[in-house]
Amino acid sequence: MNVEILFIAILTSLSTSLVGVFLVLRRLSMLTDAISHTVLLGIVLSFMITLDLNSPLLFVGATMSGVVTVYLIEALIKTKRVKEDASIGVVFTLLFAIAVIIINTRFRNVHLDIDMVLLGNLEFAIFERVTFLGISMPTSLVVMALVLLLNSVFIAVFYKEIKLTSFDAALASVLGLMPSLIHYAMMTLVSLTAVAAFNAVGAILVIALMIGPPITARFFTKTLFATIVLTLAIATVNSILGTLLARVFDVTISGTIASTSLAVFLLVLLFAPKGIIGALIQTAKKRRQIMIASLLVHIQNHEKTAESKDELAYDSVHKHLKWKRQTFEKIYLLAKRKKFVAVHNDLLSLQDEGRSVVQTFYWMEEA
Amino acid sequence: MFDWSYTLITVMVGTAILGAVAGALGTFLTLRRQALIGDALSHAALPGIALAYIITQIRSLSMLLLGAAISAFFAMFLLNVIKRFTRIKFDASMALLLSGFFGFGQVLLSQIQKTGAASQAGLSRFILGQAATMLRADVMMIALIAFGVGVVIILFFKMLKLYIFDAAFYRSLGLSERFASALLSVLTVIIVVIGIRLVGVILMSALIIAPSVAARQLSNRFSGNVVIAMMIGAFSGFLGTLISASRANLPSGPVITVVLGMIVITLLVFSPTRGLMRQMVERVRFRKRIIKYRALIHLYENNALACDEDVCERYEKHRLLVKTEEGYALTDKGRHIVKTLMGADAS
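Those protein sequences? They're chains V and B, same order as listed.
In this text, residue positions in the first sequence follow the working numbering: the first is 1, and each later residue adds one.
In this text, residue positions in the second sequence follow the working numbering: the first is 1001, and each later residue adds one.
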């Protein structure tokens, strides 16, 4: 397998997921969707000026159009006429549609393919090469390495500022950290990263690379720093796994990496301690505990009363608790194993352990 | 320049019906702040379309729509599961599902291409839509389904309206929240899926969001919003298809989107009730009035008795002040002006 492709995949994953951590944190995930689509307009407009698909100006134009998109969406929200999500939907679809129309009417014969921009092509990324430090390398590899470096340096230098802006924009503003400046700097980086990742993975799949690893990491971590570290680890695993799987099944690499990001997330969603199965087990455990408590309280309420022969009889107590017979037997066995209850002459009674447990309930009620 | 064929007219009518129903549905979705769900679901339909093709090996529209619907429903189900069991933000899970599903769809497509069965053209049609080249029978089917969705919306209109505006009251009537939410989801998936072929994946969200955003600028009543959104949706679908058919290489989805975008921008600026233009004019007018009645406000606020002689005389001439023995006093009219100015919504 081609090592260069693998490295491009890893670098792309790392640089996209690094900014993704903050996008998820600041609830801007769908903004990525908007940015990644509208950079097409930036590319098209820059191409109209340069008429050269390899011009670095295309890069600048595309990045700027991402930032302009964010600005337009925020301007629309500020008019208070349109809600946030609707603003995103209106702005990006319009800009994208304009780009598609321009391409279809004016650049039919140019290699400015919409599929290419939206879907990317990691397989071809190694054919475009530059000589860097005296070694011939794929352009994408160099570009992604530079973007990763830029993202890392920015986040490392402004870590405190970004963190505060993300968690408490008002406080950041009071402390003079200029949250809107940080915000736009961040958005420029997001744009730049999305544009750089285009060659490899395209506009739509870059979203999975940005958002997938951070929201997977959040299942396990509590602090921002830990989230970043784990995000980068997951991103690396996803890209390696995706590239390998694509190789095995001989299918598109970028699509496989995006699918892998989703699959890994869904697995974690299901099996993580805080995931679905964990949550279901917790709920079942809580339910059992409450049922045992109900049984104990029931016994306490009715022992030594006139109706205790009926209320506490092993064969009829489930009716009074409005449980099924099997449910009662299961709960009784659990309570018996804990030495909470026992049966004497077919009547349920509390053991010492059980009595002290019931006492704590009453204590809680009094408190 | 136009080929006014029967097919073109069918397609135009079909797109118009789709636009109207998507507009109506969009009004509900934007109010629930789920405007972008259409975007997510339409992307999520790709693997279903590819799978339907792999399994059936034929390019029948109904099979592809079925596949698309199943995979969009699955995405919707996952969204709800994630929402229920985790604290992940809705937009984050939406973004990941959108992109992940799309990626998986692409994997399947590359598998299809390997066997040489389908061309790449199919994909770009999926992304952008190409109404003009559709078969008449297909258009009829899509229009019929859209019409059916429209009927369901009308039947459950009151219920959905109540659910969106006052969920607590809705619950207190013993109605099921789960039912309303599921109904909206099902209708959304259906509309998105049938819309894909006409306007494409990416621009389907424009057809859902833009009409309701435009309608909101014209009406403050919910039913008014729905009706206007339907008209705008239908008009854009109609006009967009017409323009797109007038030239080769003009995909219908983007053209419809641009038409919608222009309508939204125009209404945002020029709406007679909420337009930015009107807001600006009112602001300027208010500022002028404040300058004009500055001294009057001063008299009112401070219970003063005199101001610059010429100013006071001018006010007196307009019967805002009367001259008494102690000095000037405000008339009822003058007091009224000050009160409206001070209490006016000077946004």
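Using N, Cα and C, we set each Cβ at its ideal position, and we do this for glycine too.
Kindly indicate which residue of the options has the alpha-carbon position closest to the one of residue i.
i, options, result
"L321(V)", "V343(V), K339(V), I292(V), A306(V)", "I292(V)"
"V1152(B)", "V1259(B), L1187(B), R1178(B)", "L1187(B)"
"L348(V)", "T305(V), R27(V), T360(V)", "T305(V)"
"L380(V)", "E329(V), L270(V), Q282(V)", "As shown, chain V starts at 1 and ends at 367. That puts residue 380(V) outside it, with no answer to give."
"R81(V)", "A1214(B), F1222(B), M1342(B)", "A1214(B)"
"K83(V)", "E1177(B), M1159(B), L1036(B)", "L1036(B)"
"A1234(B)", "V1011(B), Y1006(B), T1007(B)", "V1011(B)"
"L1203(B)", "A197(V), F96(V), S152(V)", "F96(V)"
"V1081(B)", "V143(V), E4(V), L269(V), V157(V)", "L269(V)"
"A1180(B)", "I1263(B), T1324(B), L1025(B)", "L1025(B)"
"L11(V)", "V343(V), M178(V), V237(V)", "V237(V)"
"S1176(B)", "R1197(B), I1190(B), M1159(B)", "M1159(B)"
"V1201(B)", "Q1111(B), A1245(B), L1046(B), E1325(B)", "L1046(B)"
"A335(V)", "V60(V), D352(V), K324(V)", "D352(V)"
"F1165(B)", "I1190(B), I1194(B), R1221(B), I1154(B)", "R1221(B)"
"I35(V)", "S46(V), L189(V), L14(V)", "L189(V)"
"M48(V)", "S15(V), F124(V), F107(V)", "F107(V)"
"L1096(B)", "R27(V), I331(V), L146(V), I5(V)", "R27(V)"
"S1005(B)", "R1136(B), T1273(B), K1161(B)", "R1136(B)"
"R1319(B)", "I1208(B), K1339(B), K1083(B), L1296(B)", "L1296(B)"
"F7(V)", "V297(V), T283(V), T139(V)", "T139(V)"
"T1086(B)", "P273(V), Q326(V), Y332(V)", "P273(V)"
Would you mind sorting residue i into buried or exposed? The rule is 16 or more other CB atoms within 10 Å of its CB.
i, result
"I277(V)", "exposed"
"N54(V)", "exposed"
"K1089(B)", "buried"
"Q359(V)", "exposed"
"I98(V)", "buried"
"G1023(B)", "buried"
"D1138(B)", "buried"
"I207(V)", "buried"
"Q1057(B)", "exposed"
"A1210(B)", "buried"
"F1028(B)", "buried"
"P56(V)", "exposed"
"R218(V)", "buried"
"M1342(B)", "exposed"
"A179(V)", "First, the amino acid is wrong: residue 179(V) is Pro here, not Ala. Buried."
"H302(V)", "buried"
"N151(V)", "buried"
"F271(V)", "exposed"
"S198(V)", "At residue 198(V) the sequence reads Phe, which differs from the Ser that was named. Buried, since its Cβ has 16 or more Cβ neighbours within 10 Å."
"R1197(B)", "buried"
"G176(V)", "exposed"
"Y1315(B)", "buried"
Hey, is residue i close to the ligand SAM, as in C-beta under 7 Å from one of its heavy atoms?
i, result
"S1176(B)", "Absence of the ligand SAM from the depicted structure is noted, as is the absence of any ligand whatsoever, leaving it without description."
Discussion item. Does the structure place the segment 1034-1043 of chain B close enough to the segment 1071-1078 of chain B that three or more beta carbon pairs sit under 8 Å?
Written reply: yes
Item to complete: Report yes or no: do the segment 97-109 of chain V and the segment 31-44 of chain V share at least 3 C-beta pairs separated by less than 8 Å?
Response: yes
Discussion item. Does the structure place the segment 1231-1241 of chain B close enough to the segment 1252-1263 of chain B that three or more beta carbon pairs sit under 8 Å?
Written reply: yes
Item to complete: Entirely within the segment 275-321 of chain V and at least 4 residues each: give me those alpha helix (DSSP H) ranges in chain order.
Response: 276-302, 308-311, 317-321
Worksheet entry | Near-chain V residues of the segment 1086-1107 of chain B - C-beta to any C-beta below 8 Å | Those residues of the segment 1086-1107 of chain B placed with their C-beta closer than 8 Å to a C-beta in chain V are T1086, I1088, K1089, D1091, A1092, S1093, M1094, A1095, L1096, L1097, L1098, S1099, G1100, F1101, F1102, G1103, F1104, G1105, Q1106, V1107, ordered along the chain.
Item to complete: Would you check if the segment 1288-1307 of chain B and the segment 1333-1341 of chain B touch, i.e. whether three or more CB-CB distances between them fall below 8 Å?
Response: Counting C-beta pairs closer than 8 Å gives three or more between the segment 1333-1341 of chain B and the segment 1288-1307 of chain B, which meets the contact rule.
Item to complete: Please name the residues in the segment 1195-1206 of chain B whose beta-carbon is closer than 7 Å to at least one beta-carbon of chain V, in chain order.
Response: I1202, L1203, S1205, A1206
Discussion item. With a threshold of 8 Å, are at least 3 pairs of Cβ atoms found where one atom belongs to the segment 211-224 of chain V and the other to the segment 19-27 of chain V?
Written reply: Short answer: they touch.
Worksheet entry | Interfacial residues, the segment 157-173 of chain V to chain B, with Cβ spacing under 9 Å | none
Worksheet item: What runs of the beta strand (DSSP E), each 3 residues or longer, lie entirely inside the segment 86-156 of chain V?
Response: Fully enclosed beta strand (DSSP E) runs of 3 or longer: 129-132, 135-138.
Worksheet item: Using Cβ-Cβ distances below 7 Å, what residues of the segment 1288-1315 of chain B are close to chain V?
Response: none
Discussion item. My parser needs the beta strand (DSSP E) runs of 3 or more residues fully inside the segment 323-356 of chain V; what are they?
Written reply: Runs found: 341-344, 347-350.
Worksheet item: Just by C-beta distance, which residues in the segment 1252-1265 of chain B are closer than 9 Å to chain V?
Response: G1253, P1254, V1255, I1256, T1257, V1258, L1260, G1261, M1262, V1264, I1265
Practice prompt. Can you give me, in chain order, the residues of the segment 1040-1065 of chain B that have a beta carbon less than 8 Å from any beta carbon in chain V?
Written response: H1043
Practice prompt. With 7 Å as the limit, tell me which residues of the segment 24-42 of chain V have their beta carbon closer than that to any beta carbon of chain B; keep them in chain order.
Written response: V24, R27, S29, M30, T32, D33, H37
Discussion item. Could you tell me which whole alpha helix (DSSP H) segments of length 4 or greater appear in the segment 1294-1345 of chain B?
Written reply: 1294-1302, 1309-1317, 1332-1343
Discussion item. Count Cβ pairs between the segment 244-259 of chain V and the segment 1093-1113 of chain B that sit closer than 8 Å; are there 3 or more?
Written reply: The segment 244-259 of chain V vs the segment 1093-1113 of chain B: in contact.
Worksheet item: Do three or more CB pairs link the segment 309-321 of chain V to the segment 335-348 of chain V at distances below 8 Å?
Response: yes
Practice prompt. Check whether the segment 59-75 of chain V touches the segment 1221-1230 of chain B, counting contact only when three or more Cβ pairs, one atom from each stretch, lie closer than 8 Å.
Written response: no
Fill in: Meets three-Cβ-pair contact criterion under 8 Å: the segment 1171-1188 of chain B and the segment 1050-1064 of chain B
no
Discussion item. Give the list of continuous alpha helix (DSSP H) stretches no shorter than 4 residues that lie fully inside the segment 11-71 of chain V.
Written reply: Taking 4 residues as the minimum length, the alpha helix (DSSP H) runs contained wholly in the segment 11-71 of chain V are 29-50, in order along the chain.
Worksheet item: Using a Cβ cut-off of 9 Å, which residues of the segment 335-365 of chain V contact any Cβ in chain B, in chain order?
Response: none
Worksheet item: Would you call the segment 168-187 of chain V and the segment 218-230 of chain V touching, i.e. three or more CB-CB distances under 8 Å?
Response: no
Worksheet entry | Contact set between the segment 86-110 of chain V and chain B, restricted to residues whose Cβ is under 7 Å from the partner | Cβ contacts with chain B: A86, I88, G89, V90, T93, L94, F96, A97, I98, V100, I101, N104, T105, R108.
Worksheet item: Just by C-beta distance, which residues in the segment 195-214 of chain V are closer than 7 Å to chain B?
Response: I204, L205, I207, A208, I211, G212
Worksheet item: Going along the chain, which residues of the segment 268-297 of chain V sit with their C-beta nearer than 8 Å to a C-beta in chain B?
Response: Those residues of the segment 268-297 of chain V that come within reach of chain B (Cβ to Cβ, closer than 8 Å) are L269, K274, G275, I276, A279.
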